[in-house]
Each structure stands twice: as structure tokens, then as C-alpha cells.
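In what follows, a single structure is set out as C-alpha cells and then discussed.
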Amino acid sequence: TSGPTHEPIDPVRYIANRSSGKQGHAIARALAKLGADVTLVSGPVTIPDPDGVKTIHVERAEEMHDAVVSRLPADIGVFVAAVADWRVATSADQKIKKQPGDAPPALQLTENPDILKTVGHHEKRPKLVIGFAAETQNVEANGLSKLERKGADYILANNVSADTGIMGGAHNRVTLISKSAVDHWPDMSKSEVAERLAALIAKTFS
Ligand code: CTP
2 TSGPTHEPID
12 PVRYIANRSS
22 GKQGHAIARA
32 LAKLGADVTL
42 VSGPVTIPDP
52 DGVKTIHVER
62 AEEMHDAVVS
72 RLPADIGVFV
82 AAVADWRVAT
92 SADQKIKKQP
102 GDAPPALQLT
112 ENPDILKTVG
122 HHEKRPKLVI
132 GFAAETQNVE
142 ANGLSKLERK
152 GADYILANNV
162 SADTGIMGGA
172 HNRVTLISKS
182 AVDHWPDMSK
192 SEVAERLAAL
202 IAKTFS
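Numbering follows my numbering, with no gaps: position 110 of the sequence shown is 111.
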């Protein structure tokens, strides 16, 4: 998975996040370059579909969840999307209008499905399940807790605080977390992170 999800409020407004899809798309491209048969399920992004990859475009977290689960089984699952944790419980069919004197509308939110967690515990679980952890504090501890909670083999945890420029930017600095090891990767371009991860995945399968 890659990119953000957009959760509609009404036909013209949505809740979203700053994900660009650069890291997820780069990983899809790097795996395809090594010969993998890659299906990329992408939220709305402005970057092109990677060459050599089958790309499925979705908008909402529920659509992304269904697109992923319906394509199991798979050997490897890599979950890079910044999936919106919440959606508006009942999005409006018509544009919500301002009425003079009315208070701003209150948005009632409800939780979205956790795609990585679903796949990490699925009866058709891929042999290798990899997720990311977007954090602004306690990066390693939060990454480790996501590894366990979501049933992943690896988590790439990164600090997405605004001053790092990582979310939406061209570079990334990740900490690779498994049950047995924590490996701090240096600052690299998102393509380099993708190639290093793809090489690690290929080694696991060779
Ligand atoms: N993820 C997912 N489905 C969700 C939320 C997250 O598949 N509904 C995946 C992401 O693609 C990523 C991992 O779970 O691989 C961690 O996502 P992150 O946004 O860091 O964490 P959350 O689970 O959303 O937890 P929190 O917002 O509390 O940090």
C-alpha cells in the first residue's frame, strides 16, 4: 500500500494527511526491478504509477482494505500507506452548507479498519509482512509495539515530525525493527531506502 487515504466529509470535502506516496511507490518499483510480481494499492497521489507494477487506485481506507484483502494470498505484504485512522461516520450526500447563525458542524468520527493488522493476523497471511511506523516521539518503542500488535515481521519506524521534512519529502531516515534486532539506517533518499529494503526482502526469499 502507498499514499494517504481521503475520507469524505461531503461530496467536496475530505480528511487527509501529508503522505505523498513517494516511499511506497519507490518500494513497489524496487521490488518489480528485482523481478517480483507487484500489485500496488495506492491512495490519491500526484506521482505517476511505477513502471512494471499493477497499480490499483483507491480513495478511502475501507476501499484500500478491501482491495488488499481480496488479493490475498501473496508471498510478501509491504504496508506503507498513511491510512486515515478515522473516517466521518456518515458522510453527507450533499455539500454541507453554512446557515447564517449556525454553529460549525460537529464531525462524528469512527475507526477505520487496520489493514496491516488484518493481514498480519489473516489465515492467508503472507510469509513476510512489513509495515511502517510514522511517529513524532518514542520512535523505537512505538515501532516495536506496532510490530507486535500488528503481527509484522519488520517495522520501518521513522520520525515524521514537521522539522524532519520526511513526510512528503524526498529523503527518509528509518529504524528497521524486528523481534530480534534494531537497525538504524542512515539518512537516504526514499529510492535508496526502497532498494535496501527490496534487497533485504530478496535475501529472505533466496
Ligand atoms: N496501517 C494500516 N491501516 C490503518 C492504519 C495503519 O494498514 N488503518 C499501517 C500503515 O500502513 C503502517 C502501519 O500500519 O504500515 C503503522 O501506521 P501508523 O500510521 O504509523 O500507525 P497507526 O496504526 O495509525 O497508529 P497511531 O496513529 O496510533 O500511531
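We put the CB at the ideal spot given by N, CA and C, even for glycine.
8 Å contact criterion, which Ala210 and Ser190 should meet: CB distance rounded
Because the chain here runs from 2 to 207, residue 210 falls outside it and cannot be looked at.
Residue of Gly169, Gly121 and Val194 minimising C-alpha distance to Leu157:
Val194
Quick check on Asp52: does DSSP put it in helix, strand or coil?
Three-state DSSP puts Asp52 in coil, outside helix and strand.
Can you name the start and end residues of the alpha helix (DSSP H) that Glu63 belongs to?
For Glu63, the enclosing alpha helix (DSSP H) has its first and last residue at Ala62 to Val70.
Starting from the Cα of Gly4, find the closest Cα among Ile97, Ala62, Ala90 and Arg14 and give me that residue.
Ala62
In the DSSP assignment, find the unbroken alpha helix (DSSP H) run with Val120 in it and report its ends.
Ile116 to Gly121
The alpha helix (DSSP H) with Gly25 in it runs from where to where?
Lys23 to Lys34
Check whether the Cβ atoms of Pro74 and Lys125 sit closer than 9 Å, and answer yes or no.
yes
Does the ligand CTP have a heavy atom nearer than 8 Å to the CB of Ala29?
No.
Count the other C-beta atoms from every protein chain shown that fall within 10 angstroms of the C-beta of Gly36, then say buried if there are 16 or more, exposed otherwise.
By the Cβ-count criterion, Gly36 is exposed, with fewer than 16 other Cβ atoms from all chains shown falling within 10 Å of its own Cβ.
Does the beta-carbon of Arg19 have 16 or more other beta-carbons within 10 angstroms, so that it is buried, or is it exposed?
exposed
Are the segment 125-137 and the segment 32-46 touching by the rule of at least three beta carbon pairs closer than 8 Å?
no
Is the beta carbon of Thr111 closer than 9 Å to that of Arg90?
The sequence given here has Ala at residue 90, not Arg. Cβ distance < 9 Å, so Ala90 and Thr111 count as in contact.
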